[in-house]
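Student: Before anything else, here's the structure in question.
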Amino acid sequence: MAAAEISVQPGDSIQTAVNNATSGDEIIVKPGTYTENIVINTDNLVIRSESGNPDDTIIKARSSSAHVFAVKADNVRISGLTITGTKTSYSGIQFSGCNNGIIENNKLSNDGYGIYLLSSKGSTVSNNVVTNNGDYGIVLATSTGSTISGNTASNNNGRGIHLGTSDGNTLSGNTIVSNGVSGLYVCPRSDNNLVFNNYFVNTVNGDIKNGVGNAYSTAKTAGTNIVGGPYIGGNFWGKPDGSGFSETATDADGDGIADVAYSFENSIYADSLPLVSGTEKPIEEPTPVLPVANFESSVTSGPAPLSVQFADLSENVEGREWDFNSDGAIDSIDQSAVYEYTTPGTYTAKLTVTNENGMDSKTATITVTEPEESSSEDIGTGDSGTGDSGTGDNGTGENEIVDNGPVDSETIDDGSGNNEVAESGSSSGGRSHRSAGGGGGSPEPAKNVEVKEISQVFITNGKEVKFDLKNNATCIVYVEFDAKKTAGKTTTIVEELKNKSVLVSELPSGDVYKSFNVWVGNSGYATSKNIENSIICFKVEKAWMQEKRTDSSSIALNRYNDGKWEQLPVSILKEDDEFTYFTAETTGFSSFAITGKGNNASENVTESGSELETRSVNLQDAESTGLTAEQMSEQGNSTGTKGSEMISKITSLLREWIKSLQSLTKG
0 MAAAEISVQP GDSIQTAVNN ATSGDEIIVK PGTYTENIVI NTDNLVIRSE
50 SGNPDDTIIK ARSSSAHVFA VKADNVRISG LTITGTKTSY SGIQFSGCNN
100 GIIENNKLSN DGYGIYLLSS KGSTVSNNVV TNNGDYGIVL ATSTGSTISG
150 NTASNNNGRG IHLGTSDGNT LSGNTIVSNG VSGLYVCPRS DNNLVFNNYF
200 VNTVNGDIKN GVGNAYSTAK TAGTNIVGGP YIGGNFWGKP DGSGFSETAT
250 DADGDGIADV AYSFENSIYA DSLPLVSGTE KPIEEPTPVL PVANFESSVT
300 SGPAPLSVQF ADLSENVEGR EWDFNSDGAI DSIDQSAVYE YTTPGTYTAK
350 LTVTNENGMD SKTATITVTE PEESSSEDIG TGDSGTGDSG TGDNGTGENE
400 IVDNGPVDSE TIDDGSGNNE VAESGSSSGG RSHRSAGGGG GSPEPAKNVE
450 VKEISQVFIT NGKEVKFDLK NNATCIVYVE FDAKKTAGKT TTIVEELKNK
500 SVLVSELPSG DVYKSFNVWV GNSGYATSKN IENSIICFKV EKAWMQEKRT
550 DSSSIALNRY NDGKWEQLPV SILKEDDEFT YFTAETTGFS SFAITGKGNN
600 ASENVTESGS ELETRSVNLQ DAESTGLTAE QMSEQGNSTG TKGSEMISKI
650 TSLLREWIKS LQSLTKG
């Protein structure tokens, strides 16, 4: 099969292109920003930018706890990209167990390591700019026969170039400046390496251990060296303050080579032909850090009115401007914002970010379709509507009578600081799970959502995750769990409902304080395979508990799961003047209801009345429902409030009272 060219453009996945490629294919990446971690296991692949300019083709790690490029194949070439976003011990590019790989003309910054060659042979690393990384710029570990040339390794927190147990490598023509620990490190188990014609200006230039057969200059050869001198020989050894060896050494014959060798501290080695120059190569200023625009939206399409949550994921940003509806006007400058599209159409949402060095922007298409029509299957559970009753499927095979009274358009708080307008019309909502229900991506109809709040965090495997609902828009304070799988930036939506959720067939027993839904991440994420130890913290108004004569010990959180309600273990967390706060453990997220059990026993007795008076009142109720005095007596006996003797006397009195009442009635 002939080799193919595979084109990748913004919005596409480079990893998908790699997975679909075969040996010999060339993957061409168009200008843009791509957020992903890429694993390459196929030999003989080329991954390069279309423009050849790393400034306009940026690969950002989706997970900072993984290499941006993890290569485990031979003859792979990576070229013309900016690669960024990992943390300590993870690399922009790692070659592991690879032969004859090529890394050229890339920019690697803000990574743990820039370039990492691990147990690899015959690699070529050339003309890369490796700057501002958390530890090392270029690392070789148990790697042999590599050529490291023409690179700039600067302003890395650790070492510019590190050779660890690596043999037979050649370093030449590199600019290694302003690194935090040292410019070059060579461990004592690294042998037969050649280091010449490099430009070192660091506080510590060479941390050189011994090893066997290493050399720090080549034979003196006519040709322009790295600082413009007439001969190639050793290296230039300077310091940031201008007091370095090459900056102060004498050159009596003017050949650009110092008259004496440059020896390394605590090492048997020296550079026998160190370079000097009256016109030393200037120390390059760090590459300006440009802003990189990036954002994500909760949904990209749905029926009007469509609420969309936008979250700015940009880097190196000092200011931002959102234009959500293609009109050229600034709609928001917040990092996270919600915008509601009320009219069907296709819109271009644009984020423009700036810093002192420049500007960048990114766009996304939002498609708003016609509003969904109500159907005869729509149901509502409104408790104050004034319209006619309707019949809806309650999900049990039977019909239930529901109130389909009209509901006016109203403004509701979405928990983000912006308001969204609820759709006017019937309070009923579809029973089916819709992709664009209340809250963008929720199956709950928007018209049944009283208020919603959104929270976003980055989910990393093995870490505790807590979604704080800081706006206090709903009865939920926070949602937390332990992550068993990395999911990246994840959104949790809490919907407090006007009425019973359309996703449940009935409400649980007891007095219902609030009904609400919790949706965590994409469908299928919040399962026991991915999360554990899930907790919901909620609050209940003390005024409501007093009104319902409900003690805090009776408050329960009920979760609707597999067609039935299950009561969750609840603990009291704290209280303040207005609320009591509770926590509950849950195995998943779906529809919930908070309930309490009222204590109304005192309503059945009078404070000053006797037992007889109480029984008389109850007896009148019994007469109206056809109960006999004997039945009442049995009920009384079952309560255990009096001994059998007292009950017998009361029963006799009651019979006499009934007879007198019947006589009066006949009269």
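Quick note: the sequence shown, position 347, residue 346 per numbering that gives the first Met the number 0, numbers continuous.
C-beta atoms are modelled at their ideal positions from N, C-alpha and C, and glycine is treated no differently.
Alpha carbon to alpha carbon, how far is Thr146 from Ser171?
Tutor: Approximately 8 angstroms between the Cα atoms of the pair.
Student: Start and end of the alpha helix (DSSP H) containing Lys541?
Tutor: Its alpha helix (DSSP H) spans residues 541-546.
Student: Going along the chain, which residues of its own chain have a beta-carbon closer than 6 angstroms to the beta-carbon of His66, five neighbours each way excluded?
Tutor: Tyr89, Ser90, Gln93, listed in sequence order.
Student: With a cut-off of 8 angstroms on the beta carbons, I'd call Ile225 and Asn178 a contact; round off their distance for me.
Tutor: So it is not a contact: roughly 17 angstroms between Cβ atoms.
Student: Skipping 5 residues on each side, what residues in its chain have a beta carbon closer than 8 angstroms to that of Glu355?
Tutor: Excluding sequence neighbours, Glu355 sits near Glu317.
Student: Report the option in Pro229, Asp330, Asp190, Thr364 whose CA atom is closest to the CA atom of Gly301.
Tutor: The candidate whose alpha carbon is nearest that of Gly301 is Thr364.
Student: Is the CB-CB distance between Tyr184 and His161 below 7 angstroms?
Tutor: Going by C-beta atoms, Tyr184 is nearer than 7 angstroms to His161.
Student: May I have the straight-line CA-CA distance separating Ala158 from Pro239, to the nearest angstrom?
Tutor: Residue 158 is actually Arg in this sequence, not Ala. Between Arg158 and Pro239, the C-alpha separation is close to 16 angstroms.
Student: Under DSSP, the alpha helix (DSSP H) around Asn18 begins and ends at which residues?
Tutor: Per DSSP, Asn18 belongs to the alpha helix (DSSP H) from 13-19.
Student: Considering only residues of the same chain and omitting the five flanking positions on each side of Leu262, which have a CB-CB separation below 6 angstroms?
Tutor: First, the amino acid is wrong: residue 262 is Ser here, not Leu. Only Ala269 meet the Cβ criterion.
Student: Quick check: the segment 289-300 against the segment 196-215, are there 3 or more CB pairs under 8 angstroms?
Tutor: The segment 289-300 vs the segment 196-215: no contact.
Student: Need the endpoints of the beta strand (DSSP E) that Glu505 sits in, please.
Tutor: No beta strand (DSSP E) contains Glu505, which DSSP labels as neither H nor E.
Student: Just to confirm my understanding: we take Ser271, look at its own chain, exclude 5 residues before and 5 after, and list those with CB closer than 6 angstroms. What are they?
Tutor: Same-chain partners within the cutoff: Ser216, Ala260.
Student: Need the endpoints of the beta strand (DSSP E) that Phe480 sits in, please.
Tutor: That run of the beta strand (DSSP E) goes 475-482.
Student: What does the Cβ neighbour count give for Ser427, buried or exposed, with the cut at 16 atoms within 10 Å?
Tutor: Confidence in Ser427 is poor, its pLDDT being 31 and thus under 50, which makes the residue's placement too unreliable to answer from.
Student: For the alpha helix (DSSP H) containing Glu246, list its first residue and its last residue.
Tutor: Run containing Glu246: 244-247, per the alpha helix (DSSP H) assignment.
Student: Inspect the beta-carbon positions of Thr85 and Ala60 and report whether they are closer than 7 angstroms.
Tutor: Result yes, Cβ atoms of Thr85 and Ala60 sit closer than 7 angstroms.
Student: How would you write the range of the beta strand (DSSP E) that Ile46 sits in, first residue to last?
Tutor: Segment 45-48, the beta strand (DSSP E) holding Ile46.
Student: Alpha carbon to alpha carbon, how far is Lys106 from Val129? Give it in angstroms, no decimals.
Tutor: Their Cα atoms are separated by approximately 6 angstroms.
Student: Helix or strand or just coil, what does DSSP make of Asn447?
Tutor: Of the three classes helix, strand and coil, the one that applies to Asn447 here is helix, per DSSP.
Student: Using 10 angstroms around the beta-carbon of Asp134, count the other beta-carbons present and answer buried if the total reaches 16, otherwise exposed.
Tutor: Buried, by the Cβ-count rule.
Student: For a test of the three-state rule: what should DSSP assign to Ser553, helix, strand or coil?
Tutor: Looking at Ser553 - three-state DSSP - the assignment turns out to be helix.
Student: Are there 16 or more other CB atoms within 10 angstroms of the CB of Ser242, so buried, or fewer, so exposed?
Tutor: By the 10 Å Cβ count, Ser242 comes out exposed.
Student: Give the single residue among Ala251, Val194, Asp252, Ala218 whose Cα lies nearest to the Cα of Phe235.
Tutor: Per the Cα distances, Val194.
Student: Give a yes or no on contact between the segment 541-551 and the segment 493-504, applying the rule of three or more CB pairs nearer than 8 angstroms.
Tutor: The segment 541-551, when compared against the segment 493-504, does not touch it at the 8 angstroms Cβ threshold.
Student: Return the CA-CA distance between Asn315 and Phe466, expressed in angstroms with no decimal places.
Tutor: If you take the alpha carbons of Asn315 and Phe466, they lie about 25 angstroms apart.
Student: Assuming Gly595 and Met544 are in contact, meaning their beta carbons sit under 8 angstroms apart, how far apart are those beta carbons, in whole angstroms?
Tutor: Contact flag correct, Cβ pair sits at about 6 angstroms.
Student: Looking at Gly222: is its Cβ nearer than 7 angstroms to the Cβ of Ile231?
Tutor: Yes. Within cutoff.
Student: Suppose the cutoff is 6 angstroms on Cβ atoms and the five residues either side in sequence are ignored; what does the same chain contact list for Leu305 look like?
Tutor: Excluding residues within five positions, the ones whose Cβ falls inside 6 angstroms are Tyr340, Val367.
Student: When you compare only the Cα positions, how much space is there between Ala16 and Ala3?
Tutor: Those two C-alpha atoms are separated by around 11 angstroms.
Student: Near Gly121, which residues of its chain fall below 6 angstroms by C-beta distance, leaving aside the five closest residues on each side in sequence?
Tutor: So the list reads Asn98, Asn99, Gly144, once near-sequence residues are dropped.
Student: Spatial neighbours of Asn204 within its chain, please: C-beta separation below 6 angstroms, excluding the five flanking residues on both sides.
Tutor: Counting only Cβ-Cβ distances below 6 angstroms, and skipping sequence neighbours, we find Gly182, Trp236.
Student: CA-CA distance, Cys186 and Ile101?
Tutor: Near 24 angstroms, if we compare the C-alpha coordinates of Ile101 and Cys186.
Student: According to DSSP, simplified to helix, strand and coil, what is Asp55?
Tutor: Looking at Asp55 - three-state DSSP - the assignment turns out to be helix.
Student: Identify whether Arg433 lies in helix, strand or coil by the three-state DSSP scheme.
Tutor: Low per-residue confidence applies at Arg433: pLDDT is 29, beneath 50, and the placement is therefore not dependable, though the value from the model is reported in the following sentence. DSSP places Arg433 in coil when its eight states are reduced to three.
Student: So, at 7 angstroms on beta carbons, what are the nonlocal neighbours of Asn126 in its own chain, with the 5 sequence-adjacent residues on each side left out?
Tutor: So the qualifying residues of the chain are Glu103, Asn104, Gly149, Asn150.
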